Structure formats: structure tokens, C-alpha cells
Amino acid sequence: VTRAWKIAVLVLAFAADFQAQDPTPAPDSQPESRPESSESSPASRPRRGRRPRSETGPTTRPDSRAESRAEARAESKPAESPFLAIVNGTIHTVSGPVIRQGTVLVKNDKIVQVGRNVQVPADARVLDASNKHVGPGFVAVRSFGTFGTSFTPRGEEKMADAANPFSQTMLMALSSGITSGCEGGTFVPQGQLGGFIGKHTYGTLDGLGIREPAGMFLQYSAGDMSQRQQTRETLQKAVEHRAKLKAWYAELAAGRTAKAPTADEAVKNFVRVMEGELPCFIAGNTATELEGLAELSLDFDLPLVVVGATEAWTMTGRLARAKISVILSPRQRPQGITNEPTRFYEGPSGWSIENAAKLEGGGIPWAVQSLTPFVGTGGIAGRDLLQVNMDAAFTVRGGASEDAALRAVTLSAAEILKISDRVGSLDAGKDADIVLFDLEPLDYRSFAEVVLVNGKTVYEKDKVSFFNHIQTDRSKGLKGRWWNER
Amino acid sequence: MRPRPRTFRRLYAIVSALALAAVAGAQDASPHPLAIRVKRALTISGDPIEDAVIVIENGRITAIGAQASTDVPEEADVIDGDGLWATPGFIHPAALAMGPSAALELGGRNNSADRLAADDLAPTWAGVKTLAKTGYTRANVIVASGGFAGQSVLIKPLKKLDRPIRPADVLVTRELGLCMGFEAHTTTKTLWRETLAKVKKHREDRASAARPRSESAPASRPESAESKPADAPATRASEPAQDPKLTPIVDVFDGKMPGILALSSAAAVLHLFPILQEHPDFKPAVMIGDEAWRVVDQVKKLGVPVIMQPNRVNRPDTSVEIVPVRDYVDAGVAVALVPEVSFAQQYEGFPFHLAELVRKGVSRDAVLRGVTLTPAEILGIQKEVGSLEKGKAADVLLWSGDPLAPGSELVRVIVGGNTVLDAKEAP
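Sequence order for the protein chains is P and R.
The numbers in our numbering rise by one with no breaks, and the one at position 351 of the first sequence is 353.
The numbers in our numbering rise by one with no breaks, and the one at position 124 of the second sequence is 145.
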């Protein structure tokens with residue numbers, strides 16, 4: 003009966019879901035080992051002399067004509083190996099322990115093996131990660147503009163239909179190691195689904211979409227009692243509909259015929275959320291708001307993703323009993339975040355640097371988003387998507403574990419978005435969205451040096467003008483150019 | 022035997038008289054033969070001819086060759102273009118408008134393939150002069166809009182008359198090509214997918230239907246009042262689609278009508294690419310703009326010509342200079358070149374940008390073809406114009422030197438054997 007029930011939920015996931023496009027990348031558009039690391043490359047592994055083809059992404063497009071012609075000739079050669087081995091790196095799997103001197107083996111767009119003793123196929127392309135840190139791409143649990151469009155889909159419209167994979171914003175997000183993002187969903191009518199979850203497949207639309215709509219974006223304001231009342235009424239219907247569905251499937255499983263229960267769309271959507279199929283995002287910061295959300299979750303068996311959660315540290319037990327996970331911005335100060343006007347400028351702030359640590363201790367899943375979900379170059383430097391790793395690192399200062407902090411921008415974020423079957427950790431079977439950092443991923447000094455999405459190189463620091471002028475040899479300690487000059 | 026040179030004044034008198042004939046919509050036709058002697062003729066269709074002579078009768082090239090070996094009629098007027106270079110007239114495959122008062126943008130997304138740019142044509146003498154000054158002897162004025170926007174009109178410049186200009190003065194072909202636009206959006210993708218599928222189905226139905234009733238089938242659309250000029254495309258679909266708006270699209274599929282497709286960005290190419298791949302018969306020329314260099318592979322795979330500007334771009338993320346035209350030419354895609362801004366009043370600097378392309382490694386042939394024969398082929402008028410060949414319309418440009426050398430000037434523009442612009446007498 004349980005299995006039949008699961009099938010029922012899948013049936014409910016009607017065709018509106020965005021299905022990712024053909025994820026198979028061109029096998030001949032893979033990255034190759036970087037020349038500067040040749041001395042540390044294992045001797046047993048044959049190296050191929052040929053450059054990758056230019057359509058790896060515009061970042062590797064040659065600027066000389068001779069090269070482009072040489073590559074045009076290369077097209078007639080046999081296809082490259084589907085295997086890519088990232089070797090000798092410090093591998094932050096996120097799902098398990100850190101592996102020193104390990105190997106990540108990729109086949110086409112998927113990770114096939116991660117570990118210390120990985121048998122690398124003889125013809126595999128090799129990316130040497132000596133003295134580098136290898137981690138999963140960051141998952142921006144909320145993002146804005148990285149898919150190259152500010153278009154807000156309505157009705158049947160899809161953000162994926164307007165995505166611009168040549169967007170500079172997408173490339174900037176990649177330069178920060180962010181390979182996936184969840185965008186949109188605001189201004190969606192109550193009970194309807196919205197938003198888009200996709201990947202920063204710079205240069206191609208193939209494999210860009212993960213899911214559309216992303217989930218439910220619920221309003222449950224303490225200042226709007228009628229809205230609360232309506233929401234609770236819809237939820238009550240959803241609870242009843244869910245029970246009827248269970249009964250219906252029990253009938254079917256027993257081999258009897260029965261009439262399928264019907265409900266309006268908002269009710270069906272809520273059932274999908276209750277079943278854990280889609281996330282339900284909802285804003286809440288003060289203890290009062292959070293108490294209301296915990297009550298909502300407990301009353302209707304409704305998993306909620308609370309965005310903000312400034313005062314969550316005061317009530318971790320209550321939140322843990324409810325099905326609540328949290329998206330927090332550790333550097334967000336409470337001013338202007340509350341719906342209680344008297345607390346806007348005065349009263350206790352409620353903010354604590356220990357918020358994330360307390361959530362971790364209380365067993366509440368939490369992810370970190372940057373203070374603003376944009377890629378910004380002016381005014382708010384350090385508080386936008388470009389520094390999402392620093393936001394995560396800030397929680398460590400308040401007592402959160404480093405593992406949890408890294409999870410907060412990778413696996414936890416993916417779990418909250420319900421895309422952890424695809425992204426968020428370096429595990430066999432997951433998408434090859436991999437970042438090579440020069441230092442620990444959460445170190446404020448680190449740079450993403452190479453970024454792969456779906457097994458294809460989409461960003462290389464040395465080839466893109468954003469940061470290629472910053473040349474520091476972090477591999478030999480802390481010294482950089484700036485440091486030496488002092 | 023070289024004919025005696027005569028004065029130009031007589032020629033101008035003939036031109037003026039003939040300009041009036043053009044007003045009536047008739048093909049320009051000088052009763053008197055004309056011979057143009059130049060230092061070098063860049064024929065485009067063949068090798069350049071040194072010390073060439075171009076013989077023109079009744080508005081057509083009747084002979085072209087080396088002066089030593091080409092017969093020139095005794096009575097011919099002679100333009101002794103001592104030291105001049107000759108090229109065919111330039112052809113603009115996708116001009117937006119003619120002059121400031123002739124805005125053709127219709128706005129918004131629409132789906133009216135039966136809308137005619139000719140109906141909105143509002144030429145000005147200033148616009149005509151700009152065309153001629155840039156060397157354009159034909160311009161395809163498009164409907165700039167999204168979806169299946171409408172049909173373009175082919176025009177040509179003429180010498181200024183002492184009266185307001187009328188659309189009939191410049192008109193060559195009323196319904197030349199289908200103008201289309203696409204930007205990445207769910208609505209537009211659906212429109213394109215569904216429309217092309219309808220056309221595909223119509224063509225399949227047509228192919229499977231038994232033949233006999235075609236003799237009595239009515240013409241696909243009422244013919245325009247003007248007699249059809251010689252460089253109109255051959256024929257239209259003999260059987261109209263059920264929806265008249267589909268007929269021009271069917272014609273593009275059948276290769277009976279040229280298609281011009283404006284894409285809002287390189288991303289738009291990626292979005293439309295899988296839809297177009299399902300319709301291999303549908304081969305519109307595409308305009309992409311500054312980001313064209315990002316989608317060379319896709320355009321090449323589609324096998325369509327590209328209409329692009331000669332400008333170079335800096336890659337925003339690397340500051341590496343890109344010459345998109347070179348990328349396309351190297352990839353073997355047919356490239357038609359248009360000025361940086363398609364509005365006629367902003368054509369200045371076009372020859373300089375063409376010369377720059379050569380300096381950046383694009384072959385001379387590709388650049389010259391890009392403004393003459395390639396756009397003619399895109400528009401399906403290559404049998405009439407686009408090169409200096411016997412039998413083609415006498416649309417000739419005379420340059421003070423190599424047209425692809427900076428500093429060379431366009432000294433004379435001849436359309437159908439008639440001088441419409443002469444640098445010496447320009448005010």
C-alpha cells in the first residue's frame with residue numbers, strides 16, 4: 003500500500019514539471035589537464051597532447067586564427083574519451099569524509115567514482131588537482147538573474163524558455179563556484195507553484211533546467227489574518243484530499259475499482275508539498291512568526307522551508323518537532339526584516355551569530371543564502387552571490403561545524419530544493435558539477451579555478467578577465483603577490 | 022577600335038528623361054548604348070578584369086571584358102573612368118527603413134505573414150540619397166517585428182526629381198521575402214513550433230493529394246498593380262494554404278520566397294535551434310547581431326546564410342577581440358554584410374568597416390560577395406543583380422580606387438544604366 007501511495011504521488015506530479023533536456027554532453031568537449039601541474043601528474047597515466055575543442059565554452063575559445071583552424075581540423079579526429087579523471091586533489095565529498103590525494107572519475111556528465119583508489123581508464127582525460135581542493139558546485143538556494151533573464155513566468159510560461167546561457171551574470175556566478183540556482187517564484191498566487199531550478203550550463207541550453215516550477219512560495223503573514231484563515235482552510239482541504247487519495251489507492255491496491263478523488267489545483271499542490279515532493283518556501287524571522295509557522299507545519303503535516311529565521315535559535319526544539327528546515331543569511335541583521343513595525347528600529351534585535359550552530363545542534367536542516375540573491379558588483383560587495391562561501395563560513399564563527407557550513411551551500415541546499423539526487427555532493431551517480439578551488443572552499447581567500455557543469459568546463463579563472471589578473475600561488479602556503487610585496 | 026568619347030552632359034539629359042520613365046514603373050532602358058571604361062572591374066562572379074569596358078544597352082550589361090578584346094558599339098556614349106574601379110551595386114538584404122519618416126516597425130509580437138512592408142513604404146529623397154551614397158542599388162526593406170511579421174519590399178534608388186518622391190518611384194518588387202523575428206520566450210517558441218508544424222502538415226497534405234485540380238486553382242494572392250519586374254522571384258506556391266497567412270511561409274519552405282529571420286540574441290538561436298532542425302527545408306537567412314560569434318556552429322549546422330554587421334566585438338569576459346565575420350567565413354557559412362545600424366540614415370563608415378574586415382584577415386572575395394552576390398542569392402535575385410555579368414541589370418559602382426582600401430571614394434552610382442549619383446555634381 004505504501005508503494006501504491008508513492009505511485010499515486012508520482013501520478014499527481016502532472017506534466018507541468020520541467021523535464022531537463024538531454025543531459026548527454028558532446029563527448030569531445032571536455033576539459034583537459036592544466037599544463038602547470040604536469041610535474042605532479044602520475045606517470046602511469048598517458049597524457050594527451052591535443053587541446054580541447056573550442057566549444058568547451060567560450061572561455062576556451064582561441065583568439066588566434068591559426069588555432070581556430072587547427073581546431074577545425076581536429077573535428078575530424080575520433081571522439082575523445084568519455085572519461086575525465088580529476089586526480090590528486092583534496093576531495094570534499096560533502097556527503098562523506100574529506101579524501102586526500104583522491105580521484106573523482108567522471109563519465110560524460112555524471113560522476114562514476116570517488117575515492118583514493120580509483121581505477122582510471124587508460125584513455126581518460128586527466129585534470130590534475132594537486133594542491134587543489136575539489137568540491138561540488140555551490141547550490142544557490144535563492145538566486146536572481148543568473149539565468150540571464152529577469153522574466154517572471156506567468157501561466158504556461160517557463161523561465162527555461164527565456165534563459166540566456168551566454169549571460170555574464172551566469173559566468174560571474176560560476177566564477178564563485180555556484181553551479182545551480184533557484185530563481186523566481188515571487189508574486190505567485192497563494193497555493194500555486196512557481197520558480198525555476200537550473201544549472202549554470204554556460205554556453206548551452208543542454209542540461210540547463212532541473213525543475214520548473216521549483217516549488218510553492220507561500221505567504222503566511224502575521225499581519226494578514228484573513229490570508230492566514232484562507233490558507234488554513236485550503237490546507238484543511240488538502241489534508242482531507244490526501245486522506246481520500248490514500249484510501250483510493252488502498253482500494254486500487256486491493257484490486258477494487260473506485261472513483262478518483264478530485265480537488266482544485268491549490269489543494270493538489272499542497273498535497274504534493276505534504277508528500278515532500280516539492281519544497282514550500284515561506285518567510286519568517288521573529289520568534290512569533292516562527293511559532294506560527296511551526297504550528298502550521300504541525301497542524302497540517304506540512305514541511306516548510308523557512309527563509310530568514312533570525313530568531314530560530316530561541317526555539318530549536320519546537321522547530322525540530324515541526325517539519326521545518328531553514329534558509330538563513332548569517333550576516334543578515336534584523337533591521338527591516340520583520341513584519342512587526344515597532345521592532346523595525348527598536349527593541350531587541352533577536353539576531354545571534356550562534357543561530358546556525360544552535361540549528362545544527364537541534365538537528366534542524368539549514369542552508370545558507372547570501373544576503374542578496376543577486377550577482378552584484380557595486381555597493382554591497384561581499385554580501386551578494388559572489389561571496390556565498392563567506393556567508394557560509396560566517397556560521398563557523400558562531401560555532402557551527404565546518405562540515406555543516408560547507409553542506410549549507412551544497413548538499414543541504416540541494417536537499418531543501420529537493421534536487422539532492424542530482425547535485426550537492428561528490429558521489430557516484432550525481433551530476434558532474436565540480437569546482438577546483440585553490441584553497442579550502444570556505445576560505446575567504448579561495449578562488450574557484452576551474453568549474454565543471456555536467457562534466458563540461460564552463461569557467462576557468464585564468465581565461466576569464468574577472469579574476470585572472472589576481473595571480474597568487476596559494477599552493478605553497480599563504481603567500482600571494484600582495485603578501486610578498488609587503 | 023575605341024569609340025570616340027562624348028560629353029557627359031548628354032548622358033545626364035538621358036538620365037533625367039529616363040528617371041521619369043522609372044516613375045511609371047517601367048524598367049529603366051536607355052535607348053542609347055553606354056560604355057564604361059575602368060582601370061579594373063571587380064566582377065565578383067569571376068576574376069577581376071584589368072582595363073575593362075562595360076557595355077550597357079537598355080539598362081542591361083551586354084558585354085564586359087578587356088578593352089582590347091571587347092566590341093563597343095560605334096554610337097555608344099562613353100564614360101572614360103580613367104583610373105576608376107568598377108564593382109556591382111551593393112544589395113542590402115535587410116534594410117529597416119528609408120529615411121526618418123519611414124519607420125516600419127510595427128511593434129509587438131504579431132503573426133501576420135501577409136502584412137506588406139510595401140504598404141507602409143514612405144521613401145524620402147534623403148533616404149534614397151543615403152542608399153545611393155553608400156552604393157546600394159537594391160535594398161530589401163523588411164518588416165521589423167516578431168513572429169511571422171510580414172513581407173519585405175525591394176526598392177532601388179533613383180536620381181532626384183523636382184517633386185516629392187512616391188513609393189512607386191523606388192519600388193522594384195512588392196512582395197519579395199518573408200520577414201520573421203524570434204526572441205526567447207515561451208509564447209514565441211510555441212508560435213514557431215506550431216506554425217512550422219502546420220506548414221509541414223500542409224506540405225505533406227499537398228504532396229499526398231492527387232494532382233488534377235491544380236489547373237483551376239486560383240492564384241495564391243492578388244497580383245499587385247505593377248507589372249512584375251524582371252528580378253521578382255520566379256513563382257509562388259500554386260496551391261494556397263488554408264490560412265492565407267501561412268502561404269508565404271509555405272513559399273519559404275518551397276524555396277519560392279526568401280526568408281529573413283531576425284534573432285534577438287545568440288541565446289535565441291539556441292532556443293530556436295531544435296525547432297528549426299525539425300524543418301530542413303526551411304532555410305531563412307538569419308540576423309543575430311553582436312553575439313553572432315557565439316553560435317557559429319549552430320548556424321553552420323542549420324545550413325543557413327547569415328546577415329551580419331562588419332563590426333568587431335570584444336568578448337565581454339576576456340577582452341579578446343573577435344571578428345565574427347571571419348569566424349563565419351572560416352566556417353564556410355555564406356555571409357551577407359550590412360551596415361552597423363540598419364537605419365538608412367546611419368550608413369556612414371560602411372566601406373571603411375568593410376576595408377577593416379580585410380585587414381583583419383577576411384578574404385577580399387568574401388567581403389565583396391558579402392555586399393553583392395551573397396545578399397542577391399539570399400533574396401533570390403542573383404540572376405538579375407549581384408555581379409558584373411553579361412545579361413544582368415546595369416547596376417554599377419565606380420570607385421576612385423580599390424573599394425576595399427581606406428580612402429577610396431564612391432564616385433558614381435549607376436542603376437539600370439542610369440547615373441543616380443555622381444560625386445562631381447553632388448551639392
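Ideal Cβ placement from N, Cα and C applies to all residues, glycine included.
Since we're looking at a predicted model, the values are computed, not measured.
Neighbour flag for residue i against chain P, beta carbons, 8 Å
{"i": "Thr339 (chain R)", "result": "yes"}
{"i": "Ala283 (chain R)", "result": "no"}
{"i": "His292 (chain R)", "result": "yes"}
{"i": "Ala287 (chain R)", "result": "yes"}
Proximity test, Cβ basis, 8 Å: residue i and chain R
{"i": "Thr26 (chain P)", "result": "Low confidence applies to Thr26 (chain P): its pLDDT is 41, below 50, so where it sits in the model is not reliable, and the reading given next is rough at best. Not one chain R Cβ lies under 8 Å of Thr26 (chain P)."}
{"i": "Ser467 (chain P)", "result": "yes"}
{"i": "Glu291 (chain P)", "result": "no"}
{"i": "Gly150 (chain P)", "result": "yes"}
{"i": "Gln21 (chain P)", "result": "Caution is warranted here: a pLDDT of 38 is assigned to Gln21 (chain P), below 50, making its placement in the model unreliable, and no coordinate value can be reported."}
{"i": "Thr459 (chain P)", "result": "no"}
{"i": "Ala220 (chain P)", "result": "Here residue 220 (chain P) is Leu; the residue named in the question, Ala, does not match the sequence. Not an interface residue."}
{"i": "Gln170 (chain P)", "result": "yes"}
{"i": "Thr203 (chain P)", "result": "no"}
{"i": "Lys160 (chain P)", "result": "yes"}
{"i": "Asp163 (chain P)", "result": "yes"}
{"i": "Leu207 (chain P)", "result": "yes"}
{"i": "Ser42 (chain P)", "result": "Per-residue confidence for Ser42 (chain P) stands at a pLDDT of 39, beneath the threshold of 50, marking its modelled position as unreliable; no derived number is given."}
DSSP three-state assignment for residue i, whether helix, strand or coil
{"i": "Tyr251 (chain P)", "result": "helix"}
{"i": "Gln121 (chain P)", "result": "coil"}
{"i": "Trp106 (chain R)", "result": "strand"}
{"i": "His202 (chain P)", "result": "coil"}
{"i": "Phe294 (chain R)", "result": "helix"}
{"i": "Gln103 (chain P)", "result": "strand"}
{"i": "Leu300 (chain P)", "result": "helix"}
{"i": "Gln115 (chain P)", "result": "strand"}
{"i": "Met317 (chain P)", "result": "coil"}
{"i": "Arg315 (chain R)", "result": "helix"}
{"i": "Met329 (chain R)", "result": "strand"}
{"i": "Ala218 (chain R)", "result": "helix"}
{"i": "Trp213 (chain R)", "result": "helix"}
{"i": "Arg227 (chain R)", "result": "helix"}
{"i": "Pro138 (chain P)", "result": "strand"}
{"i": "Met278 (chain R)", "result": "coil"}
{"i": "Arg385 (chain R)", "result": "helix"}
Separation of residue j from residue i, as counted between CA atoms
{"i": "Gly428 (chain R)", "j": "Ile163 (chain R)", "result": "31 Å"}
{"i": "Glu267 (chain P)", "j": "Thr236 (chain P)", "result": "10 Å"}
{"i": "Asp338 (chain R)", "j": "Phe449 (chain P)", "result": "17 Å"}
{"i": "Phe283 (chain P)", "j": "Val317 (chain R)", "result": "41 Å"}
{"i": "Gly211 (chain P)", "j": "Ala162 (chain P)", "result": "6 Å"}
{"i": "Gly200 (chain P)", "j": "Ala134 (chain R)", "result": "35 Å"}
{"i": "Leu413 (chain P)", "j": "Phe219 (chain P)", "result": "21 Å"}
{"i": "Ala181 (chain R)", "j": "Arg156 (chain P)", "result": "Here residue 181 (chain R) is Lys; the residue named in the question, Ala, does not match the sequence. Roughly 53 Å separates the two Cα atoms."}
{"i": "Val436 (chain R)", "j": "Leu293 (chain R)", "result": "39 Å"}
{"i": "Arg336 (chain R)", "j": "Arg102 (chain P)", "result": "38 Å"}
{"i": "Glu279 (chain P)", "j": "Asp464 (chain P)", "result": "41 Å"}
{"i": "Arg224 (chain R)", "j": "Val271 (chain R)", "result": "7 Å"}
{"i": "Val383 (chain R)", "j": "Val350 (chain R)", "result": "7 Å"}
{"i": "Pro33 (chain P)", "j": "Ala126 (chain P)", "result": "Any reading at Pro33 (chain P) is ruled out, since the residue's pLDDT is 40, under 50, leaving its predicted position unreliable."}
{"i": "Arg214 (chain R)", "j": "Ile296 (chain R)", "result": "6 Å"}
{"i": "Leu267 (chain R)", "j": "Arg234 (chain P)", "result": "51 Å"}
Heavy atom of the ligand SAH within 7 Å of residue i beta-carbon
{"i": "Leu267 (chain R)", "result": "Summarising the ligand content, the structure contains no ligands, and the ligand SAH is consequently not present."}
Give the residues from the stretch 297-316 of chain R that approach chain P closer than 8 Å (Cβ to any Cβ), ordered along the chain. Glu312, Arg315
What are the residues in the stretch 203-224 of chain R lying within 9 Å of chain P by C-beta distance? Glu204, Ala205, His206, Thr207, Thr208, Thr209, Lys210, Thr211
The stretch 402-421 of chain R / the stretch 81-96 of chain R touching (three or more Cβ pairs under 8 Å): yes
When the Cβ atoms of the stretch 322-337 of chain R are set against those of the stretch 369-389 of chain R, are three or more pairs found closer than 8 Å? yes
Report the residues of the stretch 166-192 of chain P with a CB closer than 7 Å to any CB of chain R, ordered along the chain. Asn166, Pro167, Phe168, Gln170, Leu173
For the stretch 143-160 of chain P against the stretch 446-461 of chain P, do three or more pairs of beta-carbon atoms, one drawn from each stretch, fall closer than 8 Å, so that the two count as touching? no
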